[in-house]
Amino acid sequence: MAQSLDRLKESPSQTAGPYVHIGLTPNFCGIGGVYATDLGATMVNDKTKGERIKLHIRVLDGTGTPLRDALVEIWQADADGLYNSPAELRGAADPNFQGWGRCPTDMDTGLCTFETVKPGRVPFRDGRPMAPHITLWIVARGINLGLHTRLYFSDEEKANAEDPILARIEHRVRVPTLIAERQGDTYVFDVHLQGEKETVFFDS
Amino acid sequence: MSSDPGSNRKPETGAFFQRDRTWHPPALTPGYKSSVLRSPQKALLSFDNTLSEISGPVFGHAILGELDNDLIHNFAKPGESAIGERIIVHGRVLDERGVGVPGVLIEFWQANAGGRYRHKKDGYLAPLDPNFGGCGRTITGEDGGYTFRTVKPGPYPWPNGPNDWRPAHIHFSVFGHGFAQRLITQMYFEGDPLIWKCPIVRGIADKAAIEALTALLDTQATIPMDALAYKFDIVLRGRRSSLFENRLEGN
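Residue numbers (this note's numbering), protein chains in the order written: chain A, 9 to 212; chain B, 131 to 381.
Structure follows, in structure tokens:
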């Protein structure tokens, strides 16, 4: 016998189910008067620094059908590449930007829209700058454990080419699954859960 | 850097323990039909956490309303309350090291006592309760503790197999200190025979993992002549000490 490591196991995940809106965006699904607003619905105000951008995100199943009952959360650095988080030790992030947003996919079109700012570059573990990116977390009925991936930007070709995470993708043909296409001030990003265009999801 | 006002806690910046994906349900659990076309099939890209995963948003108590952790009253008309078995749900949010996780947002949602959700997609026969909305939230205290009041949700049939029923459950959404700790799960109730028949629960391979989602009746925490109590602890990913780690640039 030996000593025990005395560690607990993480609580196992269970699906968010089809009624995730009740808990996370009650106003969106008609439950008014409990919370004044749905958390994460607004990310920027007049004083937020940085380039205003929109994200148009859809999540598609293995048949290419957009999910209309999913929920997407995003987490990102501010325009200077600083996170508004106690774990950020490099400086003070923009006080007018929390960097976190939440949006249910539209019940008819499956579209999720975020209005945010373009993030600055954040260092990788060894200090090299990562390309600007936004972390995505996706839950829905049929998804047993929340899916983690990133959105990178099509107009950051040089930064993307030297990004240490994108560089780890063995099958280079899959790299574009993480790159949102710029159209004016909007970036369009389709997340494919399955199939030939399956998005690269992370275990980190 | 932002932190809770008045807190002397030094922020932890170590990477999180690797997730044990054999303990969680796999993406594809064919008995739960919705997973079939919604489960990624290719290998995941593995890498040690960067600052993007180690950092995470902070939610202050300012977002909370007085009744946010009281589902019996937060949707009810003045002087009225939700119908059902009154219960207190309480416990702690811990990490895999057994350390309490303070200051994190927990959101919960559930069906009413008859097993009906207040949602346009739910057409179950059981009636809505005009005094029950079904959502609540709270923020953990210094020891990671939390508590809320609600009614025990009912089990309900759902379209999967021809005769599948969900055990009574409460959905939990939990933030940690890093976005890589983000977790959604469900709490079940001790003694419910439907737990072991449910295709969603059965996606979990290990019996001990299912038991870890099953709350015990806690008679010490009941309020006599008022409410029963269930205790439900939630465990988030633990994190390494950053003492011997290469320092991130700029630290």
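For every residue, glycine included, the Cβ atom is placed at its ideal position computed from N, Cα and C.
Whether residue i touches residue j by CB criterion (8 Å)
i       : j       : result
G209(B) : K361(B) : no
R113(B) : L201(A) : A question about residue 113(B) goes unanswered here, because the residues of chain B that appear run from 131 up to 381.
N261(B) : F205(B) : yes
R149(B) : D211(A) : yes
V28(A)  : P34(A)  : no
S303(B) : E226(B) : no
R246(B) : Y254(B) : yes
N152(A) : P155(B) : yes
I30(A)  : A78(A)  : no
R369(B) : F146(B) : yes
G264(B) : L201(B) : yes
R133(A) : T180(B) : yes
A345(B) : T352(B) : no
P141(B) : A101(A) : no
R66(A)  : G118(A) : yes
I325(B) : I340(B) : yes
T157(A) : V196(A) : no
G275(B) : V231(B) : no
D193(A) : I61(A)  : yes
A157(B) : S165(B) : yes
R159(A) : L186(A) : Contrary to the premise, residue 159(A) reads as Leu rather than Arg in this sequence. Closer than 8 Å, so yes.
R136(A) : P172(A) : yes
C111(A) : V80(A)  : yes
G203(A) : G58(A)  : no
Inter-residue CB distance, residue i and residue j (contact presumed, cutoff 8 Å)
i       : j       : result
L366(B) : E18(A)  : 6 Å
T121(A) : L75(A)  : Their Cβ separation, rounded to whole angstroms, is 15 Å, which puts T121(A) and L75(A) out of contact at 8 Å.
E206(A) : S162(A) : E206(A) to S162(A), Cβ: 19 Å. No contact.
I142(A) : P127(A) : 6 Å
H203(B) : G25(A)  : That belief does not hold up - the Cβ atoms of H203(B) and G25(A) are roughly 24 Å apart, past 8 Å.
D363(B) : L224(B) : 6 Å
V181(A) : L174(A) : The Cβ separation is near 13 Å, so there is no contact.
V199(A) : V125(A) : Not quite, the Cβ-Cβ distance comes to about 21 Å (not below 8 Å), so this is no contact.
L235(B) : F305(B) : 5 Å
S372(B) : G228(B) : With a Cβ gap of about 19 Å, S372(B) and G228(B) do not count as contacting.
P140(A) : A169(A) : About 13 Å; that fails the 8 Å criterion.
A390(B) : T152(B) : Here chain B covers residues 131 to 381 and nothing more, so residue 390(B) does not appear.
Y390(B) : N293(B) : There is simply no residue 390(B) to check, as chain B begins at 131 and stops at 381 in what is shown.
A212(B) : D252(B) : Actually they do not touch by this definition, with Cβ atoms about 17 Å apart.
DSSP beta-bridge partners of residue i
i       : result
H220(B) : T277(B), K361(B)
C111(A) : V80(A)
Q316(B) : H301(B)
S176(B) : D211(A)
D200(B) : R279(B)
G253(B) : Answer is none; G253(B) lacks a bridge partner.
D294(B) : W288(B)
Y43(A)  : Answer is none; Y43(A) lacks a bridge partner.
D171(A) : Paired residues: none, contrary to the question.
F146(B) : R369(B)
L346(B) : K361(B)
Worksheet item: Pairing CB atoms from the region 309-325 of chain B with CB atoms from the region 268-280 of chain B, are three or more of them under 8 Å?
Response: no
Practice prompt. May I ask you to verify whether the region 277-287 of chain B touches the region 213-228 of chain B, counting CB pairs closer than 8 Å and requiring at least 3?
Written response: yes
Discussion item. Count Cβ pairs between the region 280-298 of chain B and the region 228-244 of chain B that sit closer than 8 Å; are there 3 or more?
Written reply: yes
Fill in: Contacting positions in the region 254-279 of chain B - beta carbon closer than 9 Å to chain A
G263, G264, C265, G266, R267
Worksheet item: Three or more C-beta pairs closer than 8 Å, one from the region 39-54 of chain A and one from the region 86-99 of chain A: is that the case here?
Response: no
Practice prompt. For the region 306-318 of chain B, enumerate the residues whose C-beta is nearer than 8 Å to any C-beta of chain A, in chain order.
Written response: H307, G308, F309, A310, R312, L313, I314, T315, Q316
Discussion item. Under 9 Å, CB to CB, which of the residues in the region 41-56 of chain A have a partner in chain B?
Written reply: G41, V42, Y43, A44, L47, G48
Practice prompt. Could you tell me whether the region 94-107 of chain A touches the region 185-200 of chain B, using the rule of 3 or more Cβ pairs below 8 Å?
Written response: yes
Practice prompt. Quick one: which residues of the region 240-252 of chain B get their C-beta closer than 9 Å to a C-beta of chain A? List them in chain order.
Written response: Q240, A241, Y247, R248, H249, K250, K251, D252
Worksheet item: Name the residues in the region 322-355 of chain B whose C-beta lies less than 9 Å from a C-beta of chain A; which are they?
Response: I330, V331, G333, I334, D336, A338, A339, I340, A342, L343
Fill in: Residues in the region 89-103 of chain A having any Cβ partner in chain B nearer than 9 Å
L90, Y91, N92, S93, P94, A95, E96, L97, R98, G99, A100, A101, P103
Discussion item. Can you pull out the residues from the region 157-168 of chain B whose beta carbon lies closer than 9 Å to at least one beta carbon of chain A?
Written reply: A157, L158, T159, Y162, K163, S164, S165, V166, L167, R168
Worksheet entry | Chain-ordered residues of the region 168-200 of chain A with a beta carbon less than 7 Å from chain B | I173, R176, I177
Fill in: Near-chain B residues of the region 146-161 of chain A (beta-carbon distance less than 8 Å), N- to C-terminal order
V147, A148, R149, G150, I151, N152, L153, G154, L155, H156, R158
Worksheet item: If contact means a Cβ-Cβ distance below 8 Å, which residues of the region 212-226 of chain B contact chain A?
Response: L224, D225, E226
Practice prompt. Give the residues from the region 142-157 of chain B that approach chain A closer than 9 Å (Cβ to any Cβ), ordered along the chain.
Written response: E142, T143, A145, F146, F147, Q148, R149, D150, R151, W153, H154, P155, P156, A157
Item to complete: Closer than 7 Å, Cβ to Cβ, to anything on chain A: give me those residues from the region 281-300 of chain B, in chain order.
Response: none
Practice prompt. Output, in sequence order along the chain, the residues in the region 169-182 of chain B whose CB is closer than 8 Å to any CB in chain C.
Written response: Considering every chain present, this structure includes no chain C. Its protein chains are A and B.
Worksheet item: For the region 16-31 of chain A, which residues have a beta carbon sitting closer than 8 Å to at least one beta carbon of chain B?
Response: L16, K17, E18, S19, P20, S21, Q22, T23, A24, G25, P26, Y27, V28, H29, I30, G31
Worksheet item: Of the residues that make up the region 181-195 of chain B, which ones have a beta carbon closer than 8 Å to any beta carbon in chain A?
Response: L181, S182, E183, I184, S185, G186, P187, V188, F189, I193, G195
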